[in-house]
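So the structure is just underneath, and the comments pick up after that.
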Amino acid sequence: MANLKTGEKKTKAQSMGLHTEVLTGKTQQKFFNPDEAENFYYFGTYDVDFNKRTEIDVKDMECREANKKIDDLMKEGYGTIVIKNPQGKHSLGVGILNKLNLIFEGSLGYFGVGSMDGPIVRINGRVGWSCAENMMAGKVVIEKNAGSCFGAAIRGGDLICKGSVGARTGIDQKGGTIIIGGDAGAFTGFMMQRGRIIILGDVGINLGDSMYDGTIFVGGKIGSFGSDAVEAELTDSDQDWLKRKLKVAEIGENFDVSKMTKVVAGKKLWNYDALEPTEKKGAI
Amino acid sequence: MCGIAGLIHRGNTSKVGFELQGMLQALKHRGEDSTGYALYGKTDGQNFIMRFKVGENVGEGSNSVMEDVSVYDERKKIVDGYLKDLGATIVKEERTLPYSLRYEIQYDKDLMEFSQKIESVTGVEILSMGKSLEVIKDLGNAEAVCKRYSLDKVEGTHAIGHARMATESGVDIKSAHPFWGYPFSDVSVVHNGQLTNYWNNRRVLENKGMRFMSECDSELIAVYLAEKMRNGATLEEGMKESLMGLDGVFTYFVATKDSLGMAKDTMAAKPLVLYESDDLVAMGSEEIAIRSILPQEIDTYDPFDGMVKVWQI
Numbered sequence: 268m269a270n271l272k273t274g275e276k277k278t279k280a281q282s283m284g285l286h287t288e289v290l291t292g293k294t295q296q297k298f299f300n301p302d303e304a305e306n307f308y309y310f311g312t313y314d315v316d317f318n319k320r321t322e323i324d325v326k327d328m329e330c331r332e333a334n335k336k337i338d339d340l341m342k343e344g345y346g347t348i349v350i351k352n353p354q355g356k357h358s359l360g361v362g363i364l365n366k367l368n369l370i371f372e373g374s375l376g377y378f379g380v381g382s383m384d385g386p387i388v389r390i391n392g393r394v395g396w397s398c399a400e401n402m403m404a405g406k407v408v409i410e411k412n413a414g415s416c417f418g419a420a421i422r423g424g425d426l427i428c429k430g431s432v433g434a435r436t437g438i439d440q441k442g443g444t445i446i447i448g449g450d451a452g453a454f455t456g457f458m459m460q461r462g463r464i465i466i467l468g469d470v471g472i473n474l475g476d477s478m479y480d481g482t483i484f485v486g487g488k489i490g491s492f493g494s495d496a497v498e499a500e501l502t503d504s505d506q507d508w509l510k511r512k513l514k515v516a517e518i519g520e521n522f523d524v525s526k527m528t529k530v531v532a533g534k535k536l537w538n539y540d541a542l543e544p545t546e547k548k549g550a551i
Numbered sequence: 033m034c035g036i037a038g039l040i041h042r043g044n045t046s047k048v049g050f051e052l053q054g055m056l057q058a059l060k061h062r063g064e065d066s067t068g069y070a071l072y073g074k075t076d077g078q079n080f081i082m083r084f085k086v087g088e089n090v091g092e093g094s095n096s097v098m099e100d101v102s103v104y105d106e107r108k109k110i111v112d113g114y115l116k117d118l119g120a121t122i123v124k125e126e127r128t129l130p131y132s133l134r135y136e137i138q139y140d141k142d143l144m145e146f147s148q149k150i151e152s153v154t155g156v157e158i159l160s161m162g163k164s165l166e167v168i169k170d171l172g173n174a175e176a177v178c179k180r181y182s183l184d185k186v187e188g189t190h191a192i193g194h195a196r197m198a199t200e201s202g203v204d205i206k207s208a209h210p211f212w213g214y215p216f217s218d219v220s221v222v223h224n225g226q227l228t229n230y231w232n233n234r235r236v237l238e239n240k241g242m243r244f245m246s247e248c249d250s251e252l253i254a255v256y257l258a259e260k261m262r263n264g265a266t267l268e269e270g271m272k273e274s275l276m277g278l279d280g281v282f283t284y285f286v287a288t289k290d291s292l293g294m295a296k297d298t299m300a301a302k303p304l305v306l307y308e309s310d311d312l313v314a315m316g317s318e319e320i321a322i323r324s325i326l327p328q329e330i331d332t333y334d335p336f337d338g339m340v341k342v343w344q345i
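Chains as they are written, first to last, in our numbering: chain A, 268 to 551; chain B, 33 to 345.
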């Protein structure tokens, strides 16, 4: 394992400008040191070839069997895997910590592609509750609608739903971006702590309720603001970012972002900015 | 956690007993303490069908007791006598299990008076009364109950059902869903969630003359809607009022002779997936319930918070 103690000397990552934050006191943050890359081993990862493609039919498989099959195929070097007939099964494609093109030809049930770190996923159907929960990195595109708790507690990556989503989208979100092409339900951004949510359609009641930080952009009507959620000025850089993000997300490329409403935390309930950076990291 | 499912064929009939069995069995991981069916069958609409029980099937946590079959026979005799007194004629009689009976009855007077008289017999509960509705509920999962009562052959237009994990009351038939919307003919309700103002509402409704048979919070929805309808509200109006009148988290379905409705609480805390087409509406706590009857790729969605919808056959 790499030596994670930073000491007084700056790490190479910091000297390259990847991390500008000066840390004080104890921290659990582990900075990656390129000099020691060969010593790192990320459990459950494999070298895959994106041009090596295969299909599996999971119609008669339990979710555990299907997930094991995906893992076995990655082990064999397949970088593009197509899943046929998911038929609303729960917990498919969870815990993938690899670069991978994963395509679902159909709909997923609850907890689809949760706790993943790295794959690019396309779902040509609908997803149930808690899709991509705890996602660390990667990209998920859903062609139809999504259930409640969409992107709960995600920490990174892009999560895109071209249809409408249920209640509590981005609950406890800690990073990354969630983009919704249609409408979103009640309590969107509930207790979110970092990251961004973009909703092109209308959103339900209690938007951003008890949010600590992060930003929500809404293109349509807002049912009501939640506790401590406030409207903020939509800046030019916000608009530039929104245009870029919507283009990359293959959604709403021609959407008039200048009319969007920006919602942030009023920080009357909890104010991270009053804390030292180290304490911020610890709290998150 | 419980699972609910419902479907309505618009303009035609189907084997709704078999279809609902598949939907509820797909949800068995949400609870298999008991399973209940409310089936709206194909009938000539002339006679009432009364499903009733003269005893309990008792599981964990129930305050009821198992009794001897001779007690059931005695109660049945009293019910038969009361029916005669009420001017009702038994056209057909079936006894599926020692404690479970199905009568086809000719009767044209007040249902409230009828129900009160029949249920005055100790241990007797009318599970449903209607010209189309039949409520069948018992302990076990969907497959077991379907098999026990031969429901797979029942043909009809619509149905709602419930797979129960008992949390608020014991495991027995009286606490199982669906609940009949007493004293309204052909009204039934299933619910997933918890109601937190059950006792407050129950006291108010009992003072207005409404009857409760169990201590299951879900029964409140049936009684609440029945009371609204008794005062002239339509089903949809009653359901919309329930969003504010009932406190807690809930998704519930209600069915009448010719319609099926759903309501979701204002926090959208309980799941529901919905499929709508011109000739079929199917819904359930999870998509896999719908997939059991529609395995092909379909468009479904989660209804939003505070949504009420009603479909006609």
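Note that CB positions come from ideal geometry on N, CA and C, so glycine has one too.
Cα-Cα separation between residue i and residue j, rounded to whole angstroms
i	j	result
residue 297 of chain B	residue 472 of chain A	13 Å
residue 430 of chain A	residue 516 of chain A	13 Å
residue 370 of chain A	residue 164 of chain B	46 Å
residue 301 of chain A	residue 494 of chain A	43 Å
residue 349 of chain A	residue 512 of chain A	26 Å
residue 173 of chain B	residue 329 of chain A	20 Å
residue 270 of chain A	residue 311 of chain A	With a pLDDT of 39 at residue 270 of chain A, under the threshold of 50, the predicted position of this residue should be treated as unreliable, though the coordinate-derived value follows. The alpha-carbon atoms of residue 270 of chain A and residue 311 of chain A are separated by roughly 21 Å.
residue 96 of chain B	residue 338 of chain A	51 Å
residue 78 of chain B	residue 290 of chain B	16 Å
residue 525 of chain A	residue 470 of chain A	18 Å
residue 433 of chain A	residue 334 of chain B	6 Å
residue 331 of chain B	residue 101 of chain B	50 Å
residue 320 of chain A	residue 425 of chain A	23 Å
residue 281 of chain B	residue 197 of chain B	16 Å
residue 149 of chain B	residue 311 of chain B	41 Å
residue 334 of chain A	residue 33 of chain B	26 Å
residue 75 of chain B	residue 403 of chain A	57 Å
residue 115 of chain B	residue 153 of chain B	12 Å
residue 229 of chain B	residue 300 of chain B	18 Å
residue 478 of chain A	residue 439 of chain A	8 Å
residue 217 of chain B	residue 390 of chain A	45 Å
residue 264 of chain B	residue 185 of chain B	36 Å
residue 359 of chain A	residue 142 of chain B	54 Å
Contacts of residue i in chain B (Cβ-Cβ under 7 Å)
i	result
residue 396 of chain A	303
residue 431 of chain A	333
Contact list for residue i against chain A, beta-carbon separation under 7 Å
i	result
residue 117 of chain B	Simply none; closest approach about 53 Å.
residue 323 of chain B	354 and 355
Counted within 10 angstroms of its Cβ, other Cβ atoms place residue i as buried (16 or more) or exposed
i	result
residue 309 of chain A	exposed
residue 327 of chain A	exposed
residue 523 of chain A	exposed
residue 212 of chain B	buried
residue 412 of chain A	buried
residue 302 of chain B	buried
residue 274 of chain A	Its pLDDT being 45, under 50, residue 274 of chain A is placed unreliably by the model, and nothing is read from it.
residue 527 of chain A	buried
residue 123 of chain B	exposed
Residues that residue i contacts on chain B, provided the C-beta gap is smaller than 9 Å
i	result
residue 453 of chain A	298, 299, 300, 336, 337 and 338
8 Å Cβ cutoff, residue i in contact with chain B
i	result
residue 392 of chain A	yes
residue 351 of chain A	no
residue 434 of chain A	yes
residue 415 of chain A	yes
residue 271 of chain A	The pLDDT assigned to residue 271 of chain A is 42, lower than 50, so where the model puts this residue is not dependable; a value taken from the coordinates is nonetheless given after this. No, no contact with chain B.
residue 274 of chain A	Bear in mind that the predicted position of residue 274 of chain A carries a pLDDT of just 45, short of 50, making it too unreliable to give a figure here.
Interface residues of chain B facing residue i [CB-CB closer than 8 Å]
i	result
residue 412 of chain A	331, 332, 333 and 334
residue 442 of chain A	Correct list: empty, because the minimum Cβ distance to chain B is about 25 Å.
Neighbour flag for residue i against chain A, beta carbons, 8 Å
i	result
residue 320 of chain B	yes
Under 9 Å from the C-beta of residue i: neighbouring residues of chain A
i	result
residue 327 of chain B	326, 352 and 354
Legend entry - Interface positions of the segment 266–290 of chain B facing chain A (Cβ-Cβ less than 7 Å), listed along the chain: none
Inset, instruction - Taking only beta carbons into account, state which residues of the segment 471–494 of chain A come closer than 8 Å to chain B, listed in chain order. - result: 471 and 472
Inset, instruction - Identify each residue in the segment 352–386 of chain A for which the Cβ-Cβ distance to at least one residue of chain B is less than 9 Å, and report them in chain order. - result: 352, 354, 355, 356, 357, 372, 373, 374, 375, 376 and 377
Inset, instruction - Could you please tell me which residues of the segment 514–533 of chain A, in chain order, have their CB closer than 7 Å to any CB of chain B? - result: none
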